[in-house]
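According to the working numbering, the sequence shown holds residues 28 to 115 in order.
From the three backbone atoms N, C-alpha and C, an ideal C-beta is built for every residue, glycine too.
Taking it in order: structure first as structure tokens, then the write-up.
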Amino acid sequence: MRLTAQELEQMKSVDIGAVSADALADVSGMAFDRTLPREERLARFVRRAVNPYCFSVGGVGVKIEFAEGGPSLQATLAAFLIRQKSGL
């Protein structure tokens, strides 16, 4: 599955506040097979999520945005969970 730059830009520009979570693809319970190449894992996610920037997890709409040179998603989530655990 190859997406054009224009298609990716359209997906990235979705306003999560204007979309019902029910209208988004739900990726709850999706498992990633780490034995597969990165490209295949990404292709499987895109096929399931339809829009890699905007999807649903358990009925909650999620929009992912990336910053050039910013921290990784893993580092950001780890910091969030540490803050949650400490009550901040």
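Measure the C-alpha to C-alpha separation of residue i and residue j and round it to an integer number of angstroms.
{"i": "Ala48", "j": "Gly85", "result": "9 angstroms"}
{"i": "Arg74", "j": "Ser99", "result": "23 angstroms"}
{"i": "Ala105", "j": "Gly114", "result": "14 angstroms"}
{"i": "Asp42", "j": "Arg110", "result": "27 angstroms"}
{"i": "Arg68", "j": "Ser55", "result": "16 angstroms"}
Would residue i be called buried (16 or more neighbouring beta carbons within 10 Å of its own) or exposed?
{"i": "Ala58", "result": "exposed"}
{"i": "Ser40", "result": "exposed"}
{"i": "Ala76", "result": "buried"}
Could you pull out every residue in the same chain whose Cβ sits closer than 6 angstroms to the Cβ of residue i, ignoring the five residues on either side in sequence?
{"i": "Met38", "result": "Asn78 and Tyr80"}
{"i": "Ser83", "result": "Ala48, Leu51 and Asp53"}
Kindly list the residues whose CB is nearer than 8 angstroms to the CB of residue i, restricted to its own chain and excluding five residues on each side of it in sequence; keep chain order.
{"i": "Val46", "result": "Cys81 and Gly88"}
{"i": "Lys90", "result": "Val41, Ile43, Tyr80 and Cys81"}
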